[in-house]
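There are 2 protein chains.
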Amino acid sequence: LIRIRSLAKTYSQGSITVPALRGIDLDVPRGEYLAIMGPSGSGKSTLMNLLGLMDKPTSGEFLLNGIDISALADDDELSRIRGVEIGFVFQNFNLLARQTALENVELPLIYQGASAQDRSARASEALRTVGLPDRMDHRPGELSGGQKQRVAVARALVTKPSLLLADEPTGNLDSRTGTEILELFDSLHGKGNTLVVVTHDARVAARAQRVLHLKDGLVERLEIPGQG
Amino acid sequence: LIRIRSLAKTYSQGSITVPALRGIDLDVPRGEYLAIMGPSGSGKSTLMNLLGLMDKPTSGEFLLNGIDISALADDDELSRIRGVEIGFVFQNFNLLARQTALENVELPLIYQGASAQDRSARASEALRTVGLPDRMDHRPGELSGGQKQRVAVARALVTKPSLLLADEPTGNLDSRTGTEILELFDSLHGKGNTLVVVTHDARVAARAQRVLHLKDGLVERLEIPGQG
Ligand SMILES: Nc1ncnc2c1ncn2[C@@H]1O[C@H](COP(=O)(O)OP(=O)(O)OP(=O)(O)O)[C@@H](O)[C@H]1O
Ligand SMILES: Nc1ncnc2c1ncn2[C@@H]1O[C@H](COP(=O)(O)OP(=O)(O)OP(=O)(O)O)[C@@H](O)[C@H]1O
Ligand SMILES: [Mg+2]
Ligand SMILES: [Mg+2]
């Protein structure tokens, strides 16, 4: 599903350049559950933003479903693919502050052309599955940190994406609530979908089939949990 | 240092009320290291916002350093106490987006009347101690999640507060970087300061002298790590 060769991303910051990714090779077969770990600042979110088509690499090759993303100049085509195929859980949640939890989760369904009734039914179902049945009308400012994180997860899952990209989806959750979210991911994976999850939690990584360890913008090693 | 009796906080949300804290009794002696744990939504941040004088309780008694906070109507007095005595690490970092990391960390020192030279020296020292010597000129949007969290920690520590309140200070950090921050807290505590740290990570709580477990806005139990 994903094929990456020598992928690099350099941020320019005034006169300084920050090489966040220095050349990554990676293949993610369809249906795999891959975890990404690494120290703070090692390039995990940068890689996720490229995989989620929200940012363009500085250089390198990136094929998604056989489509050469690095050659695609057309932003409309990029956002079409993104809206239909990919669910993204942001590290900083990225919820719209003036919309309720329900409206935030409905948003991706608007892009998909769902009817208002269908949207509301599917979004409230998604919020129920992440354990927030009685927070639908709260705006993000009226939610706890972990509740915002779960709204972000619900929004990513509501379109039933074939590729779920989750950037540290359990950092603000206690272990029981975090486990509930991980079980949701397991069931999405069980249906044949592809998951890429960034985490600092080894318990999350233990559920994956492979773990990509990043360090200083490079692949340090690829690990199969249980085999070291 | 902190004495709380029957402290309650109810949010009103349209016609609905949300009882986030339903009556908390707590004593925190000067120099104690207290951890607060509990499920997502159990009222931890709400309690921290009251302890940090950033919000007013709905009812109950709160004495800080012998001063009756619940009776203090004067907001100027509240922010004076806050600026001088308390360092606060926010769960969502709360950094100013248009200021650099250095300027963000300098901010509390402006309230304390430090000179520009002194501010810059102390703020860059604080950023060095959290492991960000070469990110001083980055704005929050140019930092990773864990780097933002560390800037928030540096800003809370730069005034050398006698009371540090940290709301989930390591959620976005890998274990090695997280340990470095916890060692900073240990050294602050070693100097006789009082620490209250909210966490979902049992390893963080293991460093505290007591752990307050919250559930649904009430104290479920008080634990002494190592004694169950
Ligand atoms: N402004 C608000 N209006 C209405 N309800 C609110 C508001 N702020 C918080 N709440 C609710 O109060 C409860 C407690 O929130 P709080 O942020 O204290 O939880 P928490 O223990 O810090 O959770 P987390 O671990 O997820 O950060 C939550 O159920 C939340 O939805
Ligand atoms: N817009 C930007 N401009 C300059 N540097 C940036 C920018 N965004 C990120 N960086 C830098 O690129 C590096 C990688 O950042 P990234 O967010 O990918 O790290 P990360 O592995 O996700 O870290 P964390 O675990 O803390 O979230 C960091 O050192 C960061 O300071
Ligand atoms: Mg990140
Ligand atoms: Mg909280």
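From first to last, the protein sequence lines stand for chains A and B. Going by my numbering, the first sequence opens with residue 1, and the numbers climb by one from there. Going by my numbering, the second sequence opens with residue 1001, and the numbers climb by one from there. Each residue gets a CB set at the ideal place from its N, CA and C atoms; glycine is no exception. All figures in this text were calculated on a predicted structure; none of them were measured in a lab.
Quick one: does the C-beta of residue i sit closer than 7 Å to a heavy atom of ligand 1?
| i | result |
| --- | --- |
| A1020(B) | yes |
| K215(A) | no |
| R135(A) | yes |
| S175(A) | no |
| S1042(B) | yes |
| G190(A) | no |
| N172(A) | yes |
| G1023(B) | no |
| P131(A) | It should be pointed out that residue 131(A) corresponds to Gly in this sequence rather than to Pro. Incorrect: G131(A) has no Cβ contact closer than 7 Å to ligand 1. |
What do you reckon, are the CB atoms on residue i and residue j nearer than 8 Å?
| i | j | result |
| --- | --- | --- |
| A1020(B) | S1059(B) | no |
| L1173(B) | H200(A) | yes |
| F93(A) | K44(A) | no |
| V28(A) | I69(A) | no |
| L1127(B) | L1102(B) | yes |
| V1151(B) | N1104(B) | yes |
| L5(A) | L218(A) | The question names Leu, but residue 5(A) in the sequence shown is Arg. No. Outside cutoff. |
| R1122(B) | L1109(B) | yes |
| M37(A) | A205(A) | yes |
| G1145(B) | E168(A) | yes |
| P1039(B) | R176(A) | yes |
| G1192(B) | G1031(B) | yes |
| T1129(B) | L1050(B) | no |
| M1136(B) | T1100(B) | yes |
Which chain A residues sit within Cβ distance under 9 Å of residue i?
| i | result |
| --- | --- |
| D1174(B) | M37, G38, P39, S40, S42 and H200 |
| E1125(B) | None at all; the shortest Cβ gap to chain A is about 20 Å. |
| E1223(B) | Here the premise fails: no neighbours, minimum Cβ distance about 15 Å. |
For a test of your reading of the model: does the CB of residue i fall under 7 Å from any non-hydrogen atom of ligand 4? Yes or no.
| i | result |
| --- | --- |
| D1167(B) | yes |
| S1124(B) | no |
| S187(A) | no |
Would you say the beta carbon of residue i comes nearer than 7 Å to a heavy atom of ligand 3?
| i | result |
| --- | --- |
| G1144(B) | The question names Gly, but residue 1144(B) is Ser in the sequence shown. Under cutoff, so the answer is yes. |
| Q13(A) | no |
Quick test of your reading: residue i and residue j, contact by CB under 8 Å. State the CB separation rounded to the nearest angstrom.
| i | j | result |
| --- | --- | --- |
| L1188(B) | L1182(B) | Wrong, their Cβ atoms sit about 11 Å apart, outside the cutoff. |
| Q209(A) | L34(A) | 7 Å |
| R1082(B) | G1041(B) | Actually they do not touch by this definition, with Cβ atoms about 26 Å apart. |
| M48(A) | V158(A) | About 19 Å; that fails the 8 Å criterion. |
Considering only heavy atoms of ligand 2, does any lie closer than 7 Å to the CB of residue i?
| i | result |
| --- | --- |
| N1104(B) | no |
| Q1147(B) | yes |
| Q1091(B) | no |
Which residues of chain B have a Cβ atom closer than 9 Å to the Cβ of residue i, listed in chain order?
| i | result |
| --- | --- |
| E103(A) | Simply none; closest approach about 15 Å. |
| S45(A) | S1144 and G1145 |
How would you list, in chain order, the residues of chain B whose beta-carbon sits under 7 Å from the beta-carbon of residue i?
| i | result |
| --- | --- |
| Q13(A) | H1138 and E1142 |
| N241(A) | Lying before the first or after the last residue shown, residue 241(A) is absent from chain A, which here runs from 1 to 228. |
How would you list, in chain order, the residues of chain A whose beta-carbon sits under 8 Å from the beta-carbon of residue i?
| i | result |
| --- | --- |
| T1177(B) | P39 and S40 |
So residue i contacts chain A; which residues on that side make the cut at Cβ distance below 7 Å?
| i | result |
| --- | --- |
| T1171(B) | According to the sequence shown, residue 1171(B) is Gly rather than Thr. Ordered by position in chain A, the residues that pass the 7 Å Cβ test against G1171(B) are G171 and N172. |
| E1220(B) | The premise fails here: E1220(B) is roughly 12 Å from chain A at the closest Cβ pair, so nothing lies under 7 Å. |
query = Fully enclosed by the stretch 35-80 of chain A, which alpha helix (DSSP H) runs are 4 residues long or longer?
reply = Annotation: the stretch 35-80 of chain A contains the following complete segments of the alpha helix (DSSP H) (minimum length 4 residues), in chain order: 44-51.
Residue ranges of each alpha helix (DSSP H) within the stretch 77-165 of chain A, 4 or longer = Within the stretch 77-165 of chain A, the alpha helix (DSSP H) runs of at least 4 residues that lie entirely inside it are, in chain order, 101-111, 116-129 and 145-157.
key: Runs of alpha helix (DSSP H) wholly within the stretch 1194-1227 of chain B (minimum 4 residues, chain order)   = Whole alpha helix (DSSP H) segments, 4+ residues: 1202-1205.
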